[in-house]
Structure formats: C-alpha cells, structure tokens
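Colleague: Below is a structure I'd like to ask you about.
Chains as they are written, first to last, in this note's numbering: chain U, 5 to 485; chain L, -3 to 90; chain S, 55 to 543.
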C-alpha cells in the first residue's frame, strides 16, 4: 500500500491594529454600531480617492523584518476587480506582483513527547506578505442580506506560506506561532472570532518520497485555529480516500462546515483574468529607504522563542511555565516588569503569573487590571523574607488583585504578618528530632538533604503558617543544641 | 490583439445584461475599436517602461494614523435605497 | 443691468463689484434672468438651485459691506459640470445611475471656490460620466451649441462651454480626460484650459480615467481662466496624485511675460489628412500672427500622434471599467426595482442605469484588461506607448516653449452626424496625446467658419509651466477681437 504525504500551504489574512483604515483616516474599532466607522472614502462615493496609512505600511514592514522577509524598496498598488456587495468600490486595493515582503519563514514548535517536554522546532517558509484592504461584513437573513461597512478598508496583511507543511499538527503549530509573533510586535490581536485573523488552506497529497506537487484544493470558511486543523485533517483524508478509490482530485475551492465536520465544493478553479488586476492609478508607489526599514527592524522586540530560550537557560524556569508565559506578550511583559523590581525569585514570580494571575484575569480586559508588577514583586519578596506565609500570600494576592492595594498594606490591615511563637516552634522541633532519629543521624553524618524530611514534618505540623525561613532557623538551633 | 471579443464573458465581468440584439451591435463596435487599437501591436516597446503617472512625487504620499471624525452613516442614509437598523439592505446573496 | 455687462471679462466684473456699480446679487440675478430666457434653447443646466445661489450672492454682498472679502473673486458666479461633488447638491454625471444622488461632501475644488467666496451657479450638462465629445451621451438632455443650435456643443464639458458661450455664466468648471474641456471650448468659441496632470486635486470629482482626469476652467478670456486656475491648483492631502509643487500666480506671470518673443513648435502631423480646410486655414493664420509678432516658428515632428487614440482609449476605458464598478445598485445609485437577488441588483441596475456609450467603454476596458498574455497586458502595452508619446513631447520641448495645433479637426458638426463610435473617437485625435503626456493644454478662439462656427486653437505647454502657456495664449487674444463676437442665441 502506498503511503501519502500531505502538502499544505496557508494564506492567512491578519487585520493590522492601526487606529485608522488603510486608505482613509476613518477610525476602526471592533464591535461598534453598524456603519458608524465609515466616511465617503470607505463607502466609495463618487469622487473619493485613497491616501495610504503610513503606520499600516510600517507595521507590515516590521512584521516582514520579524519573519526574516526581504523588504521591497519600492512597492506598487493594484486593483483586484470583482463584484460583491461587501466591497464598496467593487475592487480591492491589494498588491499583485510587488508585495511589500518576500520570502522569510515562521519558526514553529512541534508537539513534544509529553506536555512538560519541549518539542522540536522547524521553519515554515513564507512566500510573501502583502498589504491590502478588508471588505465589509455581510449578514444573510431570510428575506435579504444586510451590509455593515465598518470593517471595510481596515488594513490587512496577507501572509502566504510556501506549501511547506505536512500535517494538521504542523498547521496548528504554524498558526499558534503566527499568532504569538504578531501579538509580540503588536501588529494584531489575531482574534479569529473577531475576524482579526482568517485563514484559507491549500491542501494536496502526493506519494511519500515524491517531490511533485499534487492537485491542490483550497479550503475556505476555516473560522478558528481548531477549525483549520480539523478542516485540513479531513481534507487530507478525503483526498487519500479519493485517490485510493481511483478518483482524480479536482482543483477546486471547498467550503468547510465546522458543525457537520465536512466540506462541500464551492466552485471550480477560477479562470484566468477573473480579477483583471491592474496598477491603481490613484496611488503612487511607496519607496522605503534602508534607514526606514532598519528603524522598523530595530523596533522588533525579543521574540517569543528567544525569550523562552533565555528563561530556560538563564533563569532556569521549567519548560511548562515558559510555555505559558512566552507566547503571551502580556504575561511575559508582566513577568519581565516584576523581575526588574525583584530579581531574587524568578520561579515564584513566574508561577504566580502563569497560574494565579492568568486564572484570575480570565476574560477580563487586561487594561482594567489593578494588580501591577509592583504588587507582585512586593508579594514575592514578603514571602521570601518570611514576613508572609505561603498560605496567607494567596489571600493577599486576591485582595491586591481585587482592590489594587499594596500587599504590605493588606498584610498590615489584616494582621497577616507572621508572628512566630519561637518557644512553641522549638518544642515542635524537638518532638520531630526525637521522632525521626534516622534522618537526624544522616544529617549529622554530613547529608544535608536529610533535613528535608524534618522540614516537611514541621511545615505539616505548623499547617504552613510558619515561614520556612523561621523553621530552618529554629531547627538548626535545636540540632546544634 | 485577439480580434474576437467574447461578449458574454465581458458582460459577465461588467455585470451588465444585454439583449441578443444589443450583443450583436456591441460586438461589432468593439470589433471595430479593437481592430483600430491593434495598430499598437506593431510598435516596438522593448525596454520601454510603462508610464502610469506623468510626474514623480518626491516623497511618499501617505497619511499619519490619526482618526478624523466621520459621518458615513448619515451619508449612507441620505442616499441608500434601503436601510434597516443602520445596516444597508440588499437582496439575498445566492 | 445691461446684458453687455454679462459678457465682460472677469477682471471687469471684479471692478464692477469693487466700484459698486452692481452687487453680487444684482449680477447673479442678471445671469439667472438670462439663463432662464436662454435655457429652453441651450439646455446647458441639469439642475439649478436658485435660492441657494442667491443666498451665496447675498452672503458675498454682506461680506463686501463689512470689508471682509474672501478673495478678489468673491461674489462672482461660476458654474460646475455635474461631475463635481457639492455638498447638498445633486451629482448626476448626466447618468440615470445617479439621477437621485445628492452629494454629502464637497470636492476639494468646490471647497476652494467656496473659500474664495464665489457663487456656485448650477449644475451643467455633460456626456454621461464624461464619456463623449458631443453631449449626445447625456442621459437627460442635449445641450445645443449657442452658435448654431442644430450643432453639437462638443463635450464632455458641454454645458460648461455652452453656458459660458451663451453668456449664461462668466465662468465654469469642466473636466478633461482626453480633451473634454478643450474641445467644447473650441466648438463653442470660448477659452478652455486643462492644466498639467496633478495640478488640481481630483478629490470629489467622479472619476473616469484616473491617470488622465484633470479639472479645467472655461472662461471668456485667458486672464479669467488664469485667475480661476490659480484658485484651483495646489497639493491636496486627500489626493495622493496631486503634485506637491508650488503654484505661481499665473496672472502675474502673464503680465511679466508681455512682449516676450517665444519659440513655437508646429507639428506637421497635426495638419494632415482629416483636418477641415477652414480649421487648417484659421490655425495657420494664427501661426502667422505669432510669426509677425516676432515669435520663432519651428516645424517639429510628433510622430506618435497616430497612436494616441489607441493608447488613450485603452488606458481610459480600462481605468473606467474599474472606476465605474462602484455604480452597482448597492449603496447610493439607482437600484433596479426588478432585482430579486444580489446578482440582479448588480446587473439589472447597471443595464438600466448606464447609457450605451458607458456600457461600450466598460466592455472595451474589460476587454483590454482581460485579454492577452496576462492581466492588463494591453493596458500595459498602452502605458508603454504612453511613455513614447511623453518622450516625443519632451524632445520637442527641448527646443520650443509651446506647441501650436488645432484643437479639433472640425468645427461643431450637426447633431447626430457621426454614425459610428469609432468615428466619434477619432475626432479626439489632437487632444488625447496631450492628456496621455499629462501636459497643460489650452484652447482659445482663433476664427470662424463661413457658416459662423467658432474654430479653436490649441496651445500645448511644458509640464507645470501653465504660466508660459497662458502668456502665449493671451498674446494671441490681445491681438484679436473674437471676444466681441456674440453667439447667435
């Protein structure tokens, strides 16, 4: 039996996070009342003309720099002509043959052998990234359709990969990587539910070992990252089954139905000339100097994978924690800011963020956060210094999270400061020393670690209310005495 | 230049319907025009850069990302054939 | 007010206002009266908001009485081709497609006229979407040539030229894609100038061929045209293709240039077959006049003339096919009442809303964009030829200051005389190359035929050198008295 290899390329549209649209200065924000973010240019009224958005182009340049693309020194703008009610001019300004960015790659992390083990990395080659304008939103009703042009004209970048992926898992890793990188440079929020990131997939199969490309099928309506993966997985299977049954694969566009977990044919391959591309006479080409490109390159921050490597090797954080912090710019920024204030316990800081902060924030808008790195740095320090027990620290964290009060104040107000009854603790220490003669003997023979058994017992008997530092101190005294 | 225009395909691109009579007339007129324009084919344009803009802008023409106030909804309502709850109504998309 | 006043050159109208011989309201009313009397014959206007126009005139008089005039031309009426967006006014482009459309914003040039305090006087007829050179393509009415109402006024700025010629207005704005200001000016016996591409913002002017479209001025005198041109020119942040170049004071340039002896090029190709003998005679007489004035006359070659029409129609229609796609029945245009699906909304609205010349040009544009080896192959080819045309002129301008040609191969023809679209297109032969090269061009009266139809002289200038062009035109005007001649109506 033949074995098959899938060949997958993705075309990902990403809304750039600018304040205004690509070709006019009408504002854009998600979720506003219909048609309130439009002007005469967006609506394509007679006589209107486009003026490019500098920030959108420079942001796209930055994305290109991040992915190692070659940035065009000069790029022109083309009209893609087709009639559809959501396209106000019935053409879309795009870039046909002089894209802003060429080549490049996206680094992806494949699944590890276990959740807590880092997976291998590889590079998915990019073909190009170009800039174009978004269209409005059509809603289909029973007696007609309605159009909202708020989204029309929003700057998009289309990131076109080479046919360089071979499984649904790679597709997943690729999209996750795109998402985290684009968020890292603040190019987009990449929320697929809000349409900020949209993906079409080109899928073909070939006999394992072959280098020829098979007939490709384009999949559309892939509305979530898992939708893309399911759609691709299904399409690979469909093509294998068809091929096994001796059927030829037809070049076509298929529409994915996530609910039915099935795809249906939309149309066969578009004939040539269907878009009648030509250079937009309303726009002059954009030229970019080496200095302008360099300036964008400099603004690319430390990228998530590099950051992860640094956390693993220099801060010695466990992989699982880094895999939570690094893909999420907000979390890693919070971590870095806290670290900058208090460097002594990165693991504790990271755990607070990756577990407690992430859980508590949930779906709340990050901007509304009352807890700041100042709060967290102080909290970690109070625990480290023995002022606050681990158990009470949780309570202080929640109070600070909710009120924005500083941990030191909360500790004071609630009387949570640890007051160690040294006599009682000494009594307990002596009891434990008596109860565990073996580890005591081992310790006295020079085996430091044996003490952990005693410490554990003491923490248990003090119900975690006494800081480890106090326990260690008194235990040491007792052992000496 | 190809001398026969596929009037049906052009009509589809144009989103314009034509009667058979109209098609015959337009076909003929297009043919005349295309025939006339085909004299360009004889001109040697090797190495000639296409000219789109007859002058050069010295710097990039692009705008800063500063929102302006916009009243497109009012503009739309003023001229739209049919609106409902701020949305433009169109016949159903097939 | 005497009717003669209505034919005064702009500077004398300005003087009349300044010397309080008449108010803007009186002047405007007098033009309105004359317009009302002549319109049944001329049919230059598509709509006219009398109340608004008089309100603007009174506002100007108010400013004058308070000594806060907005410009020298405050209170002077000017008409607009129905292709310029004026907030709150209809904008039909003489098309059923936009019959009920009211513009919700001002074109940049309209803003500039308003800022100068000018009185915006009615909406002027044209060939539908500026496609045509006879007015026969207006969806609403046929504007008549004031010199002979059986004749075409030229086009596409038909109403603008006819209204100025008939004295309904002292000034009007038109647009020129391949000759649409210069040719009707020639046929109606007025001055019409199209500046260098990029001089005037296109923002708010419904597009035909974006890389060719330029607004222009129709006036009774060269100085009048120069004054209004100065108001309109200059970079516009809303039009990325408007030139970021300084605009000189054209009227001052004309004054400073008086008496200068320029070198004029006469291209033999422009005097060949197809040129009406009376037109040829008048234009050659004009060349002679310049010679007698001491100008140097230099025979030149512009070999690309014969390719102009082809390249022009390919480029203009390709751009138009895309520019006119927005007229689709969705947002603000005519929507067919018979449309039950989106596809029908598009195709029925466009079939019913566009006239046949517009459809023809859209089809041609789509053909040139979709045939050939790749998308826009023929568009590309035509753009290469366009560069050859440009180079042709550039070479000529190395040794001359301006080029003299006829504006139109014939005087105004009878309505309906031209039978095929191609024969109509061919009449644009002398104007389209100037548009392809983006050069400034002016047409001014240089004589009359035996049947008393005006003949136009075209002068072509160097890019962004309208000053020289206008100076040379004004020298001719100064030496002649065509101004005194009145149209028959």
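Heads up, the beta-carbon is just placed ideally off N, CA and C, and yes, glycines get one too.
Should residue 23(L) and residue 3(L) be called a contact, given that it needs their Cβ atoms to be closer than 8 Å?
Modeller: Yes, the pair counts as a contact, with Cβ atoms nearer than the cut-off.
Colleague: According to a CB-to-CB cut-off of less than 8 Å, which residues of the segment 392 to 424 of chain S neighbour chain U?
Modeller: The residues in question are 396, 399, 400, 420, 423 and 424.
Colleague: Please list the partners that residue 51(U) has in chain S, where partner means a Cβ-to-Cβ separation under 9 Å.
Modeller: Chain S residues near residue 51(U): 137, 138, 139, 145, 157, 159, 161, 256, 257, 258, 259, 260 and 261.
Colleague: Give the DSSP-derived three-state secondary structure of residue 81(U) in the structure shown.
Modeller: In the structure shown, residue 81(U) sits in coil (DSSP, three-state: anything other than H, G, I, E or B).
Colleague: State yes or no: is the beta carbon of residue 59(U) nearer than 8 Å to at least one beta carbon in chain L?
Modeller: Yes, residue 59(U) counts as interfacial toward chain L.
Colleague: Per DSSP, which one or two residues make a beta bridge with residue 125(U)?
Modeller: Answer is 113(U).
Colleague: Using the beta-carbon count (16 or more within 10 Å), is residue 177(S) buried or exposed?
Modeller: By the neighbour-count rule (16 or more Cβ atoms within 10 Å), residue 177(S) is buried.
Colleague: State whether the segment 221 to 235 of chain S contacts the segment 57 to 72 of chain S, with contact taken as three or more CB pairs (one from each stretch) at a distance under 8 Å.
Modeller: With a cut-off of 8 Å, the segment 57 to 72 of chain S and the segment 221 to 235 of chain S count as touching, because enough Cβ pairs lie within range.
Colleague: For residue 27(L), which residues from the same chain have a beta carbon less than 6 Å from its beta carbon, with the 5 sequence-adjacent residues on both sides left out?
Modeller: None.
Colleague: Under 7 Å Cβ-Cβ, which residues of chain U neighbour residue 60(L)?
Modeller: Within 7 Å Cβ-Cβ: 58.
Colleague: Give me the Cα-Cα distance between residue 385(S) and residue 520(S), rounded to the nearest whole angstrom.
Modeller: One C-alpha to the other measures close to 39 Å.
Colleague: What do you get for residue 270(U), buried or exposed, if any count of 16 or more other CB atoms within 10 angstroms of its CB means buried?
Modeller: Classification for residue 270(U): exposed.
Colleague: Are the C-beta of residue 286(S) and some C-beta of chain U separated by less than 8 Å?
Modeller: With 8 Å as the cut-off, residue 286(S) does not count as an interface residue toward chain U.
Colleague: Between residue 390(U) and the rest of its own chain, which residues show a CB-CB distance below 7 Å, the 5 nearest in sequence each way excluded?
Modeller: The residues are 422, 471, 473 and 474.
Colleague: For a quick check, are the C-beta atoms of residue 47(U) and residue 92(U) less than 8 Å apart?
Modeller: Result yes, Cβ atoms of residue 47(U) and residue 92(U) sit closer than 8 Å.
Colleague: Apart from the five residues just before and just after residue 323(S), which ones in its own chain have a Cβ nearer than 8 Å to its Cβ?
Modeller: Closer than 8 Å at the Cβ level, and outside the excluded window around residue 323(S), lie 355, 356, 357, 359 and 360.
Colleague: Could you name the residues that DSSP lists as bridge partners for residue 80(L)?
Modeller: The partner list for residue 80(L) (beta bridge, DSSP) reads 83(L).
Colleague: If distances are taken between C-alpha atoms only, which option among 83(U), 359(U) and 191(U) comes closest to residue 102(U)?
Modeller: The option with the nearest alpha carbon to residue 102(U) is 83(U).
Colleague: Given a limit of 8 Å on CB to CB distance, which residues of the segment 273 to 299 of chain S reach chain U?
Modeller: Listed by position, the residues of the segment 273 to 299 of chain S near chain U (Cβ gap below 8 Å) are 291, 292, 293, 294 and 295.
Colleague: Do we get a CB-CB distance below 8 Å when we pair residue 342(S) with the residues of chain U?
Modeller: Taking Cβ atoms only, chain U never reaches closer than 8 Å to residue 342(S), which makes this a no.
Colleague: Taking the C-alpha atoms as reference points, what is the distance between residue 272(S) and residue 119(S)?
Modeller: Cα-Cα distance, rounded: 29 Å.
Colleague: Looking at chain U, is there any beta carbon in it that lies within less than 8 Å of the beta carbon of residue 14(L)?
Modeller: Not one chain U Cβ lies under 8 Å of residue 14(L).
Colleague: Compare the beta carbon distance of residue 236(U) and residue 175(U) with 8 Å and say whether it is the shorter of the two.
Modeller: Yes, they are a contact pair.
Colleague: Residue 209(S) to residue 479(S), Cα distance in whole Å?
Modeller: Those two C-alpha atoms are separated by around 12 Å.
Colleague: I think residue 140(S) touches residue 111(S), with their Cβ atoms under 8 Å apart; what is that distance to the nearest whole Å?
Modeller: Actually they do not touch by this definition, with Cβ atoms about 16 Å apart.
Colleague: Give me the Cβ distance between residue 30(U) and residue 157(U), rounded to the nearest whole Å; I'm assuming they're in contact under 8 Å.
Modeller: That belief holds up - the Cβ atoms of residue 30(U) and residue 157(U) are roughly 7 Å apart, short of 8 Å.
Colleague: Would a check of beta-carbon distances place residue 384(S) closer than 8 Å to chain U?
Modeller: For residue 384(S), the answer is yes, since a Cβ of chain U falls inside 8 Å of its Cβ.
Colleague: Within 10 angstroms of its Cβ, does residue 428(S) collect 16 or more other Cβ (buried), or is it exposed?
Modeller: Flag for residue 428(S) reads exposed.
Colleague: Indicate whether residue 181(S) and residue 214(S) have their beta-carbon atoms separated by less than 8 Å.
Modeller: Not a contact, by the Cβ cut-off of 8 Å.
Colleague: On the CB-based measure, 16 or more other CB atoms within 10 Å of its CB, does residue 236(S) come out buried or exposed?
Modeller: Classification for residue 236(S): buried.
Colleague: Output needed for residue 545(S): all residues of its chain with C-beta closer than 6 Å, excluding positions within five of it in sequence on either side, in chain order.
Modeller: Given a span of 55 to 543 for chain S in the structure shown, any question on residue 545(S) remains unanswerable.
Colleague: Measuring only between beta-carbons, confirm whether residue 41(L) sits less than 8 Å from chain S.
Modeller: Yes - at least one Cβ of chain S is within 8 Å of the one on residue 41(L).
Colleague: Using a Cβ-Cβ distance under 8 Å, would residue 17(L) count as near chain S?
Modeller: No, no contact with chain S.
Colleague: Could you work out which residue in 536(S), 524(S) and 542(S) is closest to residue 281(S) when comparing CA atoms only?
Modeller: The shortest Cα separation from residue 281(S) among 536(S), 524(S) and 542(S) belongs to 524(S).
Colleague: Starting from residue 131(S), follow its DSSP beta bridges and name the residues at the other end.
Modeller: BP columns for residue 131(S) point to 173(S).
Colleague: With a cut-off of 8 Å, does the C-beta of residue 63(L) fall near any C-beta of chain S?
Modeller: Chain S, which has no Cβ nearer than 8 Å to the Cβ of residue 63(L), makes this no.
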